[in-house]
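Using UniProt numbering, read the sequence shown as starting at 1 and increasing by one per residue.
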Amino acid sequence: MGKGRLYGLGVGPGDPELITLKSLRYLRAAPVVAYYAARDKPGNALTTVQPHLRPEQIRVPLIYPVTGRKPEPPYDYEGAMRDFYDASAERLAEHLEAGRDVAVVSEGDPLFYGSFMYLHDRLAERYETEVVPGVCSVLASAAVLGTPLVYRDQRFQVIAATLPEEALIERLDGVEAAAIMKLGSNFDKVRRVLARLGLLERARYVERATMEGEQVRAIADIDPESVPYFSMILIPGERWPGSSAGAPTAVPAPERATSKPGRLAVIGLGPGAAELMAPAVREELNRAQDIVGYTTYVELAGPFRPDQRLLDSDNRQELERARLAFELAAQGRHVVVVSSGDPGVFAMAAAVFEALEQSQDPVWHAVDLAILPGISAAQAAAARAGAPLGHDFCVISLSDNLKPWSIIEHRLRQAAQADLVMALYNPRSKARPDQFAQALAVLRETRASETPVVLGRDIGRPDESLTVTTLGAIRPEQVDMRTVVIVGSSLTRRLARQDGGEWVYTPRWYGESSASK
């Protein structure tokens, strides 16, 4: 046996309150959490458990190579899926071999049409494995429908809609009670079979059971093109006459339910102080059901009500957060994605639009999307210093995580030659200790050593500090990732303050005097 322990955790049909206490205990304790998902989506299992995860837990997404309709031959679908499960098992085995327990979260129950079974087949003989059952979608759908599935000695069948039409006819002919799963593109075929066998009146369509946007509808009302993965058809057993005197023998017709996408607002908190947050942003936060964001920024956005879900994560997971937010909003929820400063300045708004552009899901594109601005770090630091951004300026990030350093250096040189005031974000980190010194060397090629420089750190927060120095005097160790650096132009001036400090401003004119403006 290997060193780590493998857990298959059933997390229920979608309602976070339907996670069992045992699954929740193992989930919180596991250093590694793995989950299945389609490309560009967080997956329902992750969405369900997200409020319970800790930032330090390692997350391992297992991205299906194919979802939805199977590709036509000569594509080897079975071979591709075998390779995928083989590769997924080996990814988890690396953590298990290193002594880390791995919790694989599964929608519904791990061993009831759950992809965890393929990991179980490959890993259970090599590592200690425990499976925790969950509320499966069939039982959740029955609860939503509000009628018993079977009475006494009735036989209940679970049938995959992917079967050929003749096989479906054979299995459903004379059926006493059944659940038909894996609908999707097979819905029209199933409806034809039900009509042929006279089962349409008994059958009920259930969509997104226990989730936001759940629906119970008559089969005849369904548009085949709109059937999502989280849907099934239930054929409840005929009511037992002895269950209650005079009880009706037919399943009551459900009321029609409508579902529409929710709202996704990407908001800017401003620099951190509550009084610098826009009233519209606070109102949006107050109305939200789910708050998504980097842990530090989510904490700044509070206080929150007990009924609001906080879905915080590591700062490097921007696209994953954006996809999670769309997935929640697609379920009809009111979601807020939190950014510090302004969401459109090196923040989450761009990631949200990137996730939307990559998605083909029409429900995502129908979400009520709004961007609410905030005071950026550069604006906050400039206001504390005076008015260094009073004339033409540009904003440049010195982080090369998402763009090459050569591009950063080129833009610094061009901005310096254009005599623009510059606001520099992400100047220096532990992983990038030397690049700010390189940036200073570029700027010193064309800017005078007495050029004013403003260093604003944590402006608007309890530990804020503001330093006024010069391009010649500044030292790299004075700045970090929480510092915004404003480098003046040839016109930027320093002006003494009565308290002994200095104001910094850039005039709005070019020439010898203000008369020429």
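No residue lacks a Cβ here, since even glycine has one placed at the ideal position from N, Cα and C.
Query                                                                                         : Result
Whether A161 touches M181 by CB criterion (8 angstroms)                                       : yes
Simplified DSSP assignment, three categories, for H334                                        : strand
Per DSSP, the bridge partner or partners of T470                                              : P452
Y85, enclosing alpha helix (DSSP H) - first and last residue                                  : 77-97
Same chain only: Cβ atoms within 8 angstroms of A143, ignoring 5 sequence neighbours per side : A209, T210
Q215 - containing alpha helix (DSSP H), residue span                                          : Not the alpha helix (DSSP H): Q215 falls in the beta strand (DSSP E), residues 215-217.
Assigned exposure category for T492 - 16 Cβ within 10 Å defines buried                        : buried
T48, enclosing alpha helix (DSSP H) - first and last residue                                  : 44-49
Assumed close pair V485, L443 - CB separation to whole angstroms, cut-off 8 angstroms         : The Cβ separation is near 10 angstroms, so there is no contact.
Endpoints, the alpha helix (DSSP H) within which V281 is located                              : 279-287
Pick from E354, S106, E409 that is closest to D40, judged by C-alpha positions                : E354
S351 versus T446 - alpha carbon distance                                                      : For the sequence presented, residue 351 should be read as Ala rather than Ser. Their backbone Cα atoms lie some 35 angstroms apart in a straight line.
Neighbour-count burial assignment, R192, 16 or more Cβ in a 10 Å radius                       : exposed
Straight-line Cα distance separating L200 from M348                                           : 47 angstroms
Collapsed DSSP secondary structure at A250 in the structure displayed                         : Note that A250 scores 43 on pLDDT, short of 50, meaning its location in the model is unreliable and no value can be drawn from it.
Burial state of S106 (16 or more Cβ within 10 Å)                                              : buried
Straight-line gap, V11 to R59 (C-alpha atoms, nearest Å)                                      : 16 angstroms
C-alpha gap between I375 and Q50, whole angstroms                                             : 29 angstroms
Of the listed residues R155, N186, E165, nearest to A178 (C-alpha basis)                      : R155
Where the beta strand (DSSP E) through L149 begins and ends                                   : Careful: L149 lies outside any beta strand (DSSP E) and carries neither H nor E.
Distance between beta carbons of Y35 and P61, contact taken as under 8 angstroms              : 6 angstroms
Range of the contiguous beta strand (DSSP E) that encloses D290                               : 290-294
Segment limits, alpha helix (DSSP H) that includes A381                                       : 377-385
N-terminal and C-terminal residue of the beta strand (DSSP E) that I486 is part of            : 483-487
Strand pairing of S231, partner residues [DSSP]                                               : E207
Boundaries (first-last residue) of the alpha helix (DSSP H) holding Y64                       : From DSSP, Y64 is part of no alpha helix (DSSP H); its letter is neither H nor E.
Residue 518 to C136 span [Cα, whole Å]                                                        : Because the chain in this structure spans residues 1 to 517, residue 518 falls outside the shown range and cannot be described.
Cutoff 8 angstroms: L123 Cβ touching any chain B Cβ                                           : Checking the listed chains, one finds no chain B in this structure; it contains a single protein chain.
Residue 518 - DSSP class collapsed to helix/strand/coil                                       : Since the displayed the chain opens at 1 and closes at 517, residue 518 lies outside it and no answer follows.
Reference A30, options R54, Q478, L324, closest by Cα                                         : R54
Nearest-angstrom beta carbon gap, R457 and S465 [assumed within contact, 8 angstroms]         : 5 angstroms
Span of the alpha helix (DSSP H) around V510                                                  : Residue 510 is actually Tyr in this sequence, not Val. That residue, Y510, is in no alpha helix (DSSP H); it is neither H nor E in DSSP.
Element boundaries [alpha helix (DSSP H), containing F353]                                    : 348-358
Environment of E125 [buried if 16+ CB atoms lie within 10 Å]                                  : exposed
Contact check, L424 vs L398, beta carbons under 8 angstroms                                   : yes
For E502: DSSP bridge partner residues                                                        : A496
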